[in-house]
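**Q** Here it is, the structure in full.
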Amino acid sequence: QQLIDHVYHGVNDGSLPPAAGSIIRISHAENINLELDTTLAITGTAGVVDEGDGLFAQGERYLSRQTASLGGGTTEVGRNVIGERVLGFPREYAADKGVPFNQVKRGRS
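Here the sequence shown stands for residues 262 to 370, numbered as in my numbering.
Following this line, the structure appears as structure tokens:
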């Protein structure tokens, strides 16, 4: 909650760019992944085999954990947004920058 408040107020008062919202999304995705990795490690095989003890639901949650990393764009894209728009790092070099998509060389041709 502290991170959300900090980013929210930073964007509101102009000390952070609007792209700083990506920090919250990536933090949330990382926390979800850590939580579900830990949960599956604790539940063991009961998390992947329905034995009627209610732990199978944790295995199902584990399988859907990637939705937190994909919603709103992949985590990798979010990290690029933070690096370029929040921290001011230079954009990664792209040899095809400014080239129309239908003229971009693909494969080995």
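Note that CB positions come from ideal geometry on N, CA and C, so glycine has one too.
Quantities reported herein were computed from a predicted structural model and do not represent experimental measurements.
Compare the Cα-Cα distances from Gly-308 to each of Gly-333, Glu-296, Tyr-323 and Asn-294 and report the closest residue.
**A** Tyr-323
**Q** Just checking my contact of Ala-329 with Ala-290 at CB under 8 Å: how many whole Å lie between their CB atoms?
**A** Confirmed, about 4 Å.
**Q** Let me check understanding here. Comparing Cα to Cα, which of Ile-285, Thr-336, Glu-321 and Phe-362 lies closest to Leu-301?
**A** Ranking Ile-285, Thr-336, Glu-321 and Phe-362 by Cα distance to Leu-301 puts Glu-321 first.
**Q** Counting pairs of beta carbons, one from the region 339-351 and one from the region 268-284, are three or more of them closer than 8 Å?
**A** yes
**Q** Between which two residues does the alpha helix (DSSP H) containing Thr-300 stretch?
**A** 282-304
**Q** Could you compute how far the alpha carbon of Asp-357 sits from the alpha carbon of Leu-316?
**A** The alpha-carbon separation between Asp-357 and Leu-316 amounts to approximately 49 Å.
**Q** Considering only C-alpha positions, which residue in the set Gly-271, Ile-293 and Asp-266 is nearest to Gly-332?
**A** The candidate whose alpha carbon is nearest that of Gly-332 is Ile-293.
**Q** What are the complete alpha helix (DSSP H) segments, minimum 4 residues, inside the region 296-370?
**A** 317-324, 327-331 and 336-342
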